[in-house]
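Chains as they are written, first to last, in full-length UniProt numbering: chain A, 1 to 185; chain B, 1 to 238. Think of the CB as a built atom: it goes at the ideal place given N, C-alpha and C, for glycine as much as any other residue. Fair warning: this is a prediction, and the values are worked out from it, not measured in the lab. What follows is a set of notes on a single structure, which appears directly below.
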């Protein structure tokens with residue numbers, strides 16, 4: 001069973017992991033592995049592949065925890081960003097047969113297992129992001145969400161939407177600027 | 001800095017964090033983030049903001065074998081209560097009896113390619129069997145052990161073919177006794193081994209067996225693997 005961690009405790013455990021503390025590393029794993037597994041599985045849609053990437057992720061955490069700076073990022077952001085980027089790297093590293101999952105089904109792959117992170121997510125921030133995404137043009141919001149959840153490039157998005165590449169870039173760049181403006185209101 | 005320049009930097013950092021750029025564009029943005037702290041901070045900001053999209057993804061518990069793999073890969077199995085993890089990982093593989101019995105029955109009824117009668121176990125003398133499976137549930141190796149004679153019979157499937165690493169067989173001992181290296185095995189063809197000394201008793205008592213993949217020329221310490229554990233299975237009496 002996972003321990004309940006708050007943001008400071010997770011930051012502290014990451015700091016200790018960076019100093020080679022394996023007990024702290026285990027605490028980080030137990031508090032975050034279900035969350036990161038959900039992220040990997042969402043992008044890769046294959047449990048075996050997701051677990052292979054999870055091994056890489058936690059090796060990265062073990063090796064890079066010393067570089068984690070709580071002043072620059074929250075521990076959850078740092079870990080989720082590593083998980084997402086590693087999953088996308090794997091997705092693009094070879095010809096992985098992958099069926100596109102509609103963004104509307106983004107949450108269907110998860111099994112709802114409890115996570116210690118449930119206690120420390122900043123619900124207000126997530127809610128605010130959702131509100132701001134919903135304020136964008138529907139198609140722009142959709143492609144930004146697709147890019148995040150599926151790790152696909154401009155080129156793939158343009159093909160899927162049957163839209164010129166330049167138009168797709170314009171949609172997303174303008175959408176990101178509007179998103180930033182909304183988030184900082 | 002003009003508003004237009006600011007907007008351009010914000011948008012470029014955002015599309016880099018979102019991972020929509022082409023490989024060449026992404027490499028350029030990565031280099032820029034490394035050399036320009038202002039751009040790098042903008043990327044961090046986007047990562048922070050965009051990561052909240054993942055908040056809605058429900059957690060999924062990884063399999064119990066993942067942590068031992070991670071721990072082994074960091075070289076820390078011996079220092080972090082490895083026994084608990086190995087036991088948890090071994091105990092998680094229940095329900096293998098039927099598969100083990102079926103596999104051995106088939107193995108005996110239809111011996112592996114080019115069977116050598118001298119190396120094919122006799123049904124009556126086999127006392128313990130195990131089917132070692134990969135994480136995806138595919139069988140990698142079937143094992144039979146005769147505790148009376150110390151004879152160990154291994155029948156790998158084709159799953160380990162093509163791997164340049166060397167498979168090593170491990171016993172998982174009862175009562176938090178840790179793990180014990182049996183030795184390197186042939187991952188391609190059936191083989192027979194005659195265990196001698198204390199390991200005969202350890203193989204009789206072991207609760208499970210596992211295979212780790214080690215780099216060529218490297219022999220791990222007898223109490224922990226250095227390479228990833230790729231297959232495992234419970235010992236069952238026949």
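Residue closest to residue i, alpha-carbon to alpha-carbon, out of the options
i                     : options                       : result
residue 133 (chain B) : B:9, B:232 and B:33           : B:232
residue 152 (chain B) : B:160, B:159, B:143 and B:158 : B:143
residue 65 (chain B)  : B:201, B:137, B:10 and B:54   : B:137
residue 186 (chain B) : B:214, B:172 and B:208        : B:214
residue 169 (chain B) : B:22, B:206, B:74 and B:8     : B:206
residue 172 (chain A) : A:136, A:162, A:160 and A:185 : A:136
residue 71 (chain A)  : A:15, A:167, A:147 and A:24   : A:15
residue 160 (chain A) : A:177, A:142, A:175 and A:26  : A:142
residue 182 (chain A) : B:6, B:49 and B:17            : B:49
residue 71 (chain B)  : B:225, B:235 and B:12         : B:225
residue 63 (chain A)  : A:51, A:79 and A:49           : A:79
residue 185 (chain A) : A:164, A:168, A:129 and A:145 : A:129
residue 175 (chain A) : B:58, B:5, B:14 and B:6       : B:14
residue 180 (chain A) : A:131, A:9, A:35 and A:7      : A:131
residue 212 (chain B) : B:198, B:73, B:176 and B:196  : B:73
residue 12 (chain A)  : A:76, A:57 and A:46           : A:76
Residues near residue i in its chain [Cβ-Cβ closer than 6 Å; skip 5 each side]
i                     : result
residue 204 (chain B) : 147
residue 90 (chain A)  : 53
residue 33 (chain B)  : 39, 40 and 43
residue 87 (chain A)  : 40, 43, 44 and 53
residue 210 (chain B) : 170, 229 and 232
residue 145 (chain B) : 128, 152 and 203
residue 184 (chain B) : 166 and 168
Simplified DSSP assignment, three categories, for residue i
i                     : result
residue 183 (chain B) : strand
residue 193 (chain B) : strand
residue 128 (chain B) : strand
residue 55 (chain A)  : helix
residue 156 (chain B) : strand
residue 185 (chain A) : coil
residue 162 (chain A) : coil
residue 149 (chain A) : helix
residue 139 (chain B) : strand
residue 129 (chain A) : helix
residue 157 (chain A) : helix
residue 21 (chain B)  : coil
residue 220 (chain B) : coil
residue 32 (chain A)  : helix
residue 41 (chain A)  : helix
residue 67 (chain A)  : helix
residue 163 (chain B) : coil
residue 207 (chain B) : coil
residue 11 (chain A)  : helix
residue 74 (chain B)  : coil
residue 202 (chain B) : helix
Residues that DSSP places opposite residue i in a beta bridge
i                     : result
residue 139 (chain A) : According to DSSP, which records beta bridges pairwise, residue 139 (chain A) is partnered with nothing at all.
residue 212 (chain B) : B:168 and B:229
residue 146 (chain B) : B:151
residue 236 (chain B) : B:129
residue 134 (chain B) : B:231
Sequence-distant residues of the same chain with beta carbon closer than 8 Å to residue i, five excluded per side
i                     : result
residue 73 (chain A)  : 81
residue 174 (chain B) : 205, 206 and 207
residue 161 (chain B) : 187 and 188
residue 216 (chain B) : 164, 165 and 166
residue 47 (chain B)  : 17
residue 194 (chain B) : 149, 150, 151 and 152
residue 154 (chain A) : 165, 168, 169 and 172
Cutoff 7 Å; reference residue i; Cβ partners in own chain excluding five residues on either side
i                     : result
residue 159 (chain B) : 134, 138 and 140
residue 10 (chain B)  : 42
residue 37 (chain A)  : 50 and 54
residue 69 (chain B)  : 228 and 229
Inset, instruction - Please list the segments of the beta strand (DSSP E) lying wholly inside the stretch 34-71 of chain B, counting only runs of 3 or more residues, in order along the chain. - result: Correct list: empty.
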